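In the working numbering, the protein residues as written are 274 to 687.
Beta carbons: idealized from backbone N, C-alpha and C, even for Gly.
Please read all numbers here as calculations on a predicted model, not as lab measurements.
Next up, the structure:
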């Protein structure tokens, strides 16, 4: 049942303000563009100024790397209690070919009750929900205990340097739970896939394209590696099966390049090296150490079959599978809030990828629930959008869930 205080919080969520804030964020190009030096910096400046104006708080703005910054702000009730983190990221992926979009990716156009644009659901809409959730507590003057910690970080779409820096600098030390509004159709995602990132380098011998036998073609050796990894992926799918929340494990070559970046390519020159970037996604039945060993063994076996095969694999990132139980306090608060706000039963699910919440949980043991607005299948696609009704629903659920968590019996800070 929605309490009087929770009704006040819900009424403080202004639909038009939420729409406009989301649109303003989408209009800010926060794609990381090394060729021009563009980063999240303009989005950070906008959000920091919004926090100063609307929350009357001076946010902490910390540089992680040149041009890459985190925003941290704390709304303190003045009463002892739990600390609830509302987390989001300010970077978005490339829009790709703008001409392939039906809507300008940075115009935030509204059509068919949707806001279109790069980052609309991943996750400018979620960031707007986070900001207006904090504002609702301030504007409504509803009493609560503990603190609301806003963590809006850089580089979630990359190596997640933002959340790693946030944790290393102690901003998560007192956090008891986190809500992460990544686009999950407001479903309650209690688990997240693990991830291993790797680079395979196949070495050959440069030669003239008309005399390939005088050299060694690294492309065919990399191709053998790709096919062998695909065969291993099939084995892992059979062994692990489909996880009820996370689906299937996967091993995906996402970038294949020869010659490597920085070297000129010519049609009539067989290159000396080929590289492949591998995105490996894991489920609970997979052990990352064993998985890395097996991938290394594939390269060793290929070398045993082909005397000209010379390749190595470098593992550049490891993100574990993480999960929380349905009876975790933050999950219960979000589930009851969703039920009371929408009149529907919550749907439990898992995140098909990693999020910043992966490191909050893996490094600090913080229960993280991923439950934001936006279609699960649209992030990184052209014509990205967010449904306005789902966006508004998310904000209403968040204020009620936050109120219930903060006013529950406090547990020990993690």
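Less than 9 Å separates the beta-carbon of residue 345 from that of residue 335.
Collapsing the DSSP output to three states places residue 513 in a helix. Distance from residue 399 to residue 454 at the Cβ level is roughly 3 Å; contact confirmed, criterion being Cβ atoms closer than 8 Å. Segment contact: the region 371-384 against the region 442-452, fewer than three CB-CB distances shorter than 8 Å; contact not assigned.
Of all C-beta pairs linking the region 520-530 to the region 546-562, three or more are shorter than 8 Å, placing the two stretches in contact. Residue range 467-476 is occupied by the beta strand (DSSP E) that includes residue 468. Residue 287 and residue 418 have their C-alpha atoms some 24 Å from each other. Around the beta-carbon of residue 556, 16 or more other beta-carbon atoms lie within 10 Å, marking it buried. Under the three-state reduction of DSSP output, residue 451 falls in the strand class. For residue 641, the closest of 649, 390, 647, 628 by C-alpha to C-alpha distance is 628.
DSSP lists 335 as the beta-bridge partner residues of residue 343.
For residue 309, no beta strand (DSSP E) encloses it, and the DSSP letter there is neither H nor E.
In the three-state scheme derived from DSSP, where H, G and I count as helix and E and B as strand, residue 281 is classed as helix. Residues of the same chain with a CB within less than 6 Å of the CB of residue 368, apart from the 5 flanking positions on each side, are 378, 391 in chain order. A residue is called buried once 16 or more other Cβ atoms fall within 10 Å of its Cβ, and residue 594 is buried on that count.
In this structure, the CA atom of residue 524 is about 14 Å from the CA atom of residue 513. Proximity of the region 565-577 to the region 404-415 falls short of the contact definition, fewer than three beta-carbon pairs being nearer than 8 Å.
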